[in-house]
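Below is one structure; the comments refer to it alone.
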Amino acid sequence: MQKSKAFFQFKERGSNVLTEILAGFTTFATMAYVLVVHTGMMIDAGMDGAGVMLACALISGIVTIAMGLFSDMPFALAPGMGSNAVLAYTVVAGGLASWEVGMGMFFISGVIFVLLSIFKVREKVVEFIPKVLKVGIGSCVGIFLIRLSLVNAALVAPNFGGLGDFSDPNVMLAAIGLAITLFLYFFRITIKGKTYQIRGSLLISIAIITIIGLCMGIVTPPATIFTKSAFQSLGKVAFKLKIFEALNPKYFSFILIFFMGDFFSTLGTALGVAGKANMLDEEGNLPVIGKIFLVDACGTVLGALFGLTTVTTYVESASGVEAGGRSGLTALTTGALFLLSMLFAPIFLMIPTAATAPALVCIGISMMQTLGNCDFSDSEWYPVAIMLIVSLFAGLANAIAIGLVSFCLIRLVKYVFTSERSKETLPSLPCVILTILSCVQFFL
Numbered sequence: 016m017q018k019s020k021a022f023f024q025f026k027e028r029g030s031n032v033l034t035e036i037l038a039g040f041t042t043f044a045t046m047a048y049v050l051v052v053h054t055g056m057m058i059d060a061g062m063d064g065a066g067v068m069l070a071c072a073l074i075s076g077i078v079t080i081a082m083g084l085f086s087d088m089p090f091a092l093a094p095g096m097g098s099n100a101v102l103a104y105t106v107v108a109g110g111l112a113s114w115e116v117g118m119g120m121f122f123i124s125g126v127i128f129v130l131l132s133i134f135k136v137r138e139k140v141v142e143f144i145p146k147v148l149k150v151g152i153g154s155c156v157g158i159f160l161i162r163l164s165l166v167n168a169a170l171v172a173p174n175f176g177g178l179g180d181f182s183d184p185n186v187m188l189a190a191i192g193l194a195i196t197l198f199l200y201f202f203r204i205t206i207k208g209k210t211y212q213i214r215g216s217l218l219i220s221i222a223i224i225t226i227i228g229l230c231m232g233i234v235t236p237p238a239t240i241f242t243k244s245a246f247q248s249l250g251k252v253a254f255k256l257k258i259f260e261a262l263n264p265k266y267f268s269f270i271l272i273f274f275m276g277d278f279f280s281t282l283g284t285a286l287g288v289a290g291k292a293n294m295l296d297e298e299g300n301l302p303v304i305g306k307i308f309l310v311d312a313c314g315t316v317l318g319a320l321f322g323l324t325t326v327t328t329y330v331e332s333a334s335g336v337e338a339g340g341r342s343g344l345t346a347l348t349t350g351a352l353f354l355l356s357m358l359f360a361p362i363f364l365m366i367p368t369a370a371t372a373p374a375l376v377c378i379g380i381s382m383m384q385t386l387g388n389c390d391f392s393d394s395e396w397y398p399v400a401i402m403l404i405v406s407l408f409a410g411l412a413n414a415i416a417i418g419l420v421s422f423c424l425i426r427l428v429k430y431v432f433t434s435e436r437s438k439e440t441l442p443s444l445p446c447v448i449l450t451i452l453s454c455v456q457f458f459l
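Per the working numbering, the very first residue in the sequence shown carries number 16; after that it's consecutive.
Now the structure itself:
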C-alpha cells in the first residue's frame, strides 16, 4: 500500500484510495454515453456496430489506464465527439471517402501528434498562450459542458430557441434528475460541530435517476447483463484503415481539421480540469502536460488501428475531479470500467442521458468558479469574456482561437492608442504565430 500511495501521491494531493476509486466510477458513469453515441455515428458511416462498441471500450480502457500510470493524472480518454461526426456525415455521407480511408486520415494526424509530443512542441505551445487565457479556459470548459449537457438531455432546444418539451417523459426525468442532483450535491448536515456531506453524490444521483427511469418505463432493463456474440465483430473494424490512400492531397484539409480540433480541445480540457483541481503552477501551466499530450497522441494512433476516430482527453474527467479524484488511480478505475463494459455492456448502456446530464451541469457550474482567478481589468478580462461566449455557441477549440485573436487585437490597440507602449504590452511573436495557426480551421 505504501508503494501505491507513493506512486500516486495521494497524501501530497489530499486524497485517498477510496476517494480515487469513487471518482473513477463517477467519471465512467458520466462518460458511458460515448459507447452508445459514438457507435451510432459509426453505424451511419457503414461500420459494424458491435465491433465499434467493443473497440471503443477496449481502446478507451487501455489509453485511460496508460494516462493514469504515465502521467498520474485523473484524466479519461475516448473517441471525441466532433471528429466522428465529420467522418460519418461529411466524409462518408458526402461520398468523399470510405470509412477505411477516414481511419487512415486519423492515423496520420495521430502520428503527427506523437512527433510533436516527443519533441515537446505541444508543451511550448501551451507556454505561448497568455496566462489570462489559460486561467479562463477552465470556465470555458465549464460553460461548454453545461450547454452540451442541457442540449443532450433536451432541457433546452439545440439552437437555444427555448426550453425543451417537458411533456416528454425523458425531459421530465432529466428535470427531476437535476433537482435530485442539486439536493444531494449541496446536502450538508452538522452533528456536534462537525459538518458532513454525501460522498459520491454525483454517482449516487446517476444511480437514483436511472432507477426512477426504470420505474417510469423510460429506461428499458437489458435482456441479459452479458455481451453476447460480439467479440468476433471486432475484427470487422480493426486494422481496416487505408493509410496510403489517405495520403492523397485532397484529404489534407480533413487531416488538418482533425489535428487542429483535437490539439486545442485536449489543451483546453487538460488546463481546465487541472485548474479545477488546483494543479496549475503560478504561470497557469500544467507541469505534466507533456505526458498528457503524449498519451493522448498515442491513443489516436492506436484508436485508428482499431477503427476509432480521434481519441482525446474527455471534459467529463471533471466529474471525477469534482468527486475528489486527484491522481492516476482515478484514471485506472475509469479505464478498468471501460474494459469491464466489454463484458457487461448492456448494464452500462442502459444509463440514460437524463441521468448523466444533471451531474455534468453541476460540474460545469463548479468549473466556472475558476473565473475568480481572472484579472477583471478591461484589457485582460475582455478576451476571456469573448472566449466564454464563443465556447457557449461554437465549442472549445473555436473559443481558444477567437480568444487568442481578441487578446492580440486588444493588446495591439492598447499599444498604438495609449501611452503603454512597452514590449510587455504587445503580444509575443510566438503568441501571434499560434493565433494565426489556430485560425486555419476557419478557412478549411
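Every residue, glycine too, gets a C-beta built ideally from N, C-alpha and C.
Item: Could you pull the DSSP bridge partners for K209 from this structure?; Value: I206
Item: Ignoring anything shorter than 4 residues or poking outside the stretch 127-209, list the alpha helix (DSSP H) runs there in chain order.; Value: 136-143, 146-167 and 184-201
Item: Please determine if the stretch 303-315 and the stretch 82-92 are in contact, where contact requires at least 3 C-beta pairs separated by less than 8 Å.; Value: yes
Item: Please go through the same chain and pick out, in chain order, the residues whose beta-carbon is closer than 7 Å to the beta-carbon of G410, but skip the five residues on each side of it.; Value: F159
Item: Should A108 go down as buried or exposed, given a rule of 16 or more other Cβ atoms within 10 Å for buried?; Value: exposed
Item: Do you know offhand how far G29's Cα is from E337's?; Value: 13 Å
Item: Can you tell me the Cα-Cα spacing of A261 and S421, whole angstroms?; Value: 35 Å
Item: Would A169 and G177 qualify as a contact pair, given that the criterion is a beta-carbon distance under 8 Å?; Value: no
Item: Give the DSSP-derived three-state secondary structure of K18 in the structure shown.; Value: Because K18 carries a pLDDT of 46, less than 50, the predicted location of this residue cannot be relied on, and no value is offered for it.
Item: If contacts are defined as beta-carbon pairs under 8 Å, then A103 and V49 qualify, I think. What distance do you get, rounded to the angstrom?; Value: So it is not a contact: roughly 15 Å between Cβ atoms.
Item: Quick one: does C377 have its CB under 8 Å from some CB of chain C?; Value: The chain labelled as chain C is not found in the depicted structure, where only one protein chain is given.
Item: Apart from the five residues just before and just after Q24, which ones in its own chain have a Cβ nearer than 7 Å to its Cβ?; Value: D87 and S342
Item: Using only the alpha-carbon positions, how far apart do N185 and T371 sit?; Value: 12 Å
Item: Which one or two residues does DSSP pair with V326 in a beta bridge?; Value: P94
Item: In this structure, does DSSP put G299 in helix, strand or coil?; Value: coil
Item: Would you kindly work out how many angstroms separate the C-alpha atoms of F267 and I213, rounded to a whole number?; Value: 51 Å
Item: Enumerate in chain order the residues of its own chain whose CB-to-CB distance from N388 is below 7 Å, with the five nearest sequence positions on each side excluded.; Value: V150
Item: CB S356 to CB A172, shorter than 8 Å?; Value: no
Item: Is the stretch 315-323 touching the stretch 37-44 in the sense that three or more CB pairs, one from each, lie closer than 8 Å?; Value: no
Item: Rounded to a whole number of angstroms, what is the C-alpha to C-alpha distance between I417 and V405?; Value: 7 Å
Item: Would you mind working out which of D311, I221 and V252 sits nearest F189, comparing C-alpha positions?; Value: Reading off the sequence, residue 189 comes out as Ala, not Phe. Comparing Cα-Cα distances from A189 to each of D311, I221 and V252, the minimum goes to I221.
Item: Leaving out five residues before and five after G157 in sequence, what residues of the same chain have Cβ atoms less than 6 Å from its Cβ?; Value: G379, M382 and M383
Item: CB A70 to CB V326, shorter than 8 Å?; Value: no
Item: From the DSSP output, in three-state form, read off R426 for me.; Value: helix
Item: Going by the beta-carbon positions, is the gap between M46 and E331 smaller than 8 Å?; Value: yes
Item: Which residues in the same chain as F487 place their Cβ atom closer than 6 Å to its Cβ, once the five residues preceding and following it in sequence are excluded?; Value: The structure shown has nothing for residue 487, since the chain only spans 16 to 459.
Item: Quick one: using the 10 Å Cβ neighbour count with 16 as the cut-off for buried, is F273 buried or exposed?; Value: buried
Item: Looking at the structure shown, is G61 part of a helix, part of a strand, or coil, going by DSSP?; Value: coil
Item: Specify the secondary structure class of M46 as computed by DSSP and reduced to three states.; Value: helix
Item: Report buried or exposed for S392, applying the criterion of at least 16 other Cβ atoms within 10 angstroms of its Cβ.; Value: exposed
Item: What residue does the alpha helix (DSSP H) around I304 start on, and which one ends it?; Value: I304 to L320
Item: Please identify the residue among H53, N31 and I161 whose C-alpha is closest to the C-alpha of L403.; Value: I161
Item: On the criterion of 16 or more Cβ atoms from any shown chain inside 10 Å, does A194 qualify as buried, or is it exposed?; Value: exposed
Item: Cutting at 6 Å between CB atoms, please list the residues of its own chain near E395, excluding the five before and the five after it.; Value: V147
Item: Buried or exposed for D296, please, with buried defined as at least 16 other CB atoms from any protein chain shown within 10 angstroms of its CB.; Value: exposed
Item: Measure from the alpha carbon of L352 to the alpha carbon of each residue in S75, L286, R426 and A112, then state which is nearest.; Value: S75
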